[in-house]
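K.L.:
Below is one structure. I have some questions about it.
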Amino acid sequence: MNIHEYQAKALLKGFGAPVSNGVAIFTPAEAESAARELGGPLWVVKSQIHAGGRGKGKFKEESAGEKGGVRLAKSIEEVKAFAGQMLGSTLVTVQTGPAGKQVNRLYIEDGSDIEKEFYLSILVDRATSRIAFVVSTEGGMDIEEVAHSAPEKIKTFSVDPATGIMPHHGLTIAKALGLSGALAKEAYDVASKLYAAFVAKDMAMLEVNPLIVTKDGHLKVLDAKVSFDSNSLYRHPDVVALRDETEEDQKEIEASKFDLAYIALDGTIGCMVNGAGLAMATLDIIQLYGESPANFLDVGGGASEEKVTAAFKIITSDPKVKGILVNIFGGIMKCDVIARGVIAAVKAVGLQVPLVVRLEGTNVELGKQIIRESGLNVIPADDLDDAAQKIVKAVKEAV
Ligand code: ADP
Ligand code: MG
Numbered sequence: 001m002n003i004h005e006y007q008a009k010a011l012l013k014g015f016g017a018p019v020s021n022g023v024a025i026f027t028p029a030e031a032e033s034a035a036r037e038l039g040g041p042l043w044v045v046k047s048q049i050h051a052g053g054r055g056k057g058k059f060k061e062e063s064a065g066e067k068g069g070v071r072l073a074k075s076i077e078e079v080k081a082f083a084g085q086m087l088g089s090t091l092v093t094v095q096t097g098p099a100g101k102q103v104n105r106l107y108i109e110d111g112s113d114i115e116k117e118f119y120l121s122i123l124v125d126r127a128t129s130r131i132a133f134v135v136s137t138e139g140g141m142d143i144e145e146v147a148h149s150a151p152e153k154i155k156t157f158s159v160d161p162a163t164g165i166m167p168h169h170g171l172t173i174a175k176a177l178g179l180s181g182a183l184a185k186e187a188y189d190v191a192s193k194l195y196a197a198f199v200a201k202d203m204a205m206l207e208v209n210p211l212i213v214t215k216d217g218h219l220k221v222l223d224a225k226v227s228f229d230s231n232s233l234y235r236h237p238d239v240v241a242l243r244d245e246t247e248e249d250q251k252e253i254e255a256s257k258f259d260l261a262y263i264a265l266d267g268t269i270g271c272m273v274n275g276a277g278l279a280m281a282t283l284d285i286i287q288l289y290g291e292s293p294a295n296f297l298d299v300g301g302g303a304s305e306e307k308v309t310a311a312f313k314i315i316t317s318d319p320k321v322k323g324i325l326v327n328i329f330g331g332i333m334k335c336d337v338i339a340r341g342v343i344a345a346v347k348a349v350g351l352q353v354p355l356v357v358r359l360e361g362t363n364v365e366l367g368k369q370i371i372r373e374s375g376l377n378v379i380p381a382d383d384l385d386d387a388a389q390k391i392v393k394a395v396k397e398a399v
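Residue 1 is where the sequence shown starts when you use the numbering used here, and the numbers rise one by one after that.
The structure is reproduced here in structure tokens:
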């Protein structure tokens, strides 16, 4: 789960991290009082969307002006004008895709005098099973680009969970960023606070780009991008309360209500599979035969008929889907339950695209019989290979 920059900063402030003062607003009318409250003389008007690259982004609407999604304002009038232009407009950045994202919230923040911009992020490193830091002097830039063009400018290290963050980690960061004296001490202090927030809130990633040195010689978190481990949300109601569903894929939200593991993808073949391994294999084999999957969907081990019906509805609600492949290995999950769920869903929402069903395992004969007797136009398949070829062929013939 992701949150907005202003929410991330408020959270990090709670752990003592240095952030600027700011006010989140939803309407142009709120811009003036926010700007007055902050006092100036420099303000920054920042688009709040769940995507980075806002500064260099462009609005689709001409009425939003030439400037990007993060704008420096030198007067209250300018703050008001920018807010009027940006709210409701669609911002396109390298991370939003060409469709862009509508800006419905702005963060009005005190402007900082920037001496230097650094990059710092904390994430879970699966290779070492530890929390890792990534730091670089090349702040404000795309870190993927730095990794590609100047990998020597990126320093990474991981933290032993038994000791937590230690002063020597602070020294490593200070050295990588070329900081000494009081600023080196601050580097350890800031890193410790960010690390504490990361652990306490079960974050998956915390990216501060840029972490700045101000003209008066202090470190500050100028941008913050945070994502949380969804499996831990049950123990963080305060984090769940920050959720902005307008930023999320509606199908993924619907799927999470039914406890379905669903990820939207770009292709044309909707997949309903049980078990993550079988789901991955299904995606691969669709690709092998020349089409692309529209989603990853694992209905889980003991799915009920209702869950299967919900899953099917989510798949058919996606206009990109030109064909559906149901691929189930019945173990704990019984094939007749799947068959009933699919039929109930087809009856409820109709079937506009070809549907291939491959069932194997517990109660397979009963499952096949239920589908045969339903009179629905279902293409049966014998095995994974057969199923993939049939759905790819059906989709190709349909267009
Ligand atoms: P994004 O990464 O989405 O482009 P940032 O928050 O990093 O958004 O802002 C882009 C740039 O705008 C920063 O690299 C920084 O130079 C400038 N900036 C952002 N916030 C402030 C601020 N409060 N004061 C001064 N400059 C800022
Ligand atoms: Mg940034």
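Note that the Cβ used here is the ideal one computed from N, Cα and C, for glycine as well. Keep in mind it's a predicted model, so treat the numbers as computed, not measured.
(1) Would you identify the three-state DSSP class for E117, choosing helix, strand or coil?
(2) Quick check: the segment 235 to 247 against the segment 300 to 308, are at least 3 beta-carbon pairs closer than 8 Å?
(3) What's the gap between the Cα of E397 and the Cα of G323?
(4) Taking the C-alpha atoms as reference points, what is the distance between G40 and R105?
(5) Can you look up K67 in the DSSP assignment and give me helix, strand or coil?
(6) Would the C-beta of S112 count as close to the ligand ADP, meaning under 7 Å from any of its heavy atoms?
(7) For K46, which three-state DSSP category applies?
(8) So the beta strand (DSSP E) D298 belongs to, where does it begin and stop?
(9) Are there any heavy atoms of the ligand MG lying less than 7 Å away from the beta-carbon of N209, as far as the coordinates show?
(10) Closest to M333 by CA distance: which of P319, V308, V321 is it?
(11) Over the uninterrupted beta strand (DSSP E) stretch that includes A200, give me the two end residues.
(12) Give the secondary structure of E77 by DSSP, where H, G and I count as helix, E and B as strand, and everything else as coil.
(13) How is the alpha helix (DSSP H) around R340 delimited, first residue to last?
(14) Can you find a heavy atom of the ligand MG that lies under 7 Å from the Cβ of G68?
(15) DSSP on P237, reduced to helix/strand/coil?
(16) Excluding the 5 residues preceding and the 5 following V23 in the sequence, name in chain order all residues of the same chain whose CB lies nearer than 7 Å to its CB.
(17) Considering only C-alpha positions, which residue in the set L91, A204, H218 is nearest to V401?
(18) So does the segment 212 to 221 actually touch the segment 179 to 190, counting three or more Cβ pairs closer than 8 Å?
(19) Three-state secondary structure (DSSP) at G14?
(20) Alpha carbon to alpha carbon, how far is L12 from V19?
(21) Have a look at V353, A311, I371, D385 and flag the residue whose alpha-carbon is nearest the alpha-carbon of R340.
(22) Check whether the Cβ of D223 lies closer than 7 Å to any heavy atom of the ligand MG, and answer yes or no.
(23) The beta strand (DSSP E) with K155 in it runs from where to where?
(24) Measure the C-alpha to C-alpha separation of A279 and L366 and round it to an integer number of angstroms.
P.N.:
Result, derived from the coordinates:
(1) It is a strand residue.
(2) Output reads no: the segment 235 to 247 does not touch the segment 300 to 308.
(3) When rounded, the separation of the alpha-carbon atoms in E397 and G323 is 11 Å.
(4) Rounded to the nearest whole angstrom, the CA to CA distance from G40 to R105 is 20 Å.
(5) Correct three-state label for K67: coil.
(6) Indeed, a heavy atom of the ligand ADP lies less than 7 Å from the Cβ.
(7) It is a strand residue.
(8) Segment 295 to 298, the beta strand (DSSP E) holding D298.
(9) Because some heavy atom of the ligand MG lies under 7 Å away, the Cβ of N209 counts as near it: yes.
(10) For M333, the closest C-alpha among the options P319, V308, V321 is that of V308.
(11) Note, A200: premise wrong, no beta strand (DSSP E); alpha helix (DSSP H) at 181 to 200.
(12) Correct three-state label for E77: helix.
(13) Here the alpha helix (DSSP H) through R340 covers 335 to 349.
(14) Incorrect: G68 has no Cβ contact closer than 7 Å to the ligand MG.
(15) The DSSP-derived three-state label of P237 is helix.
(16) Same-chain partners within the cutoff: A34, E37, L38, I108.
(17) Because residue 401 is not part of the residues shown, which for the chain are 1 to 399, the question remains open.
(18) Contact holds between the segment 212 to 221 and the segment 179 to 190, because three or more Cβ pairs, one in each stretch, are under 8 Å apart.
(19) It is helical.
(20) CA-CA distance, L12 to V19, rounds to 8 Å.
(21) Cα-wise, what sits closest to R340 is I371.
(22) Answer for D223: yes, Cβ within range of the ligand MG.
(23) Looking at the DSSP string, the run of the beta strand (DSSP E) that includes K155 is 154 to 159.
(24) Going from the Cα of A279 to the Cα of L366 covers about 23 Å.
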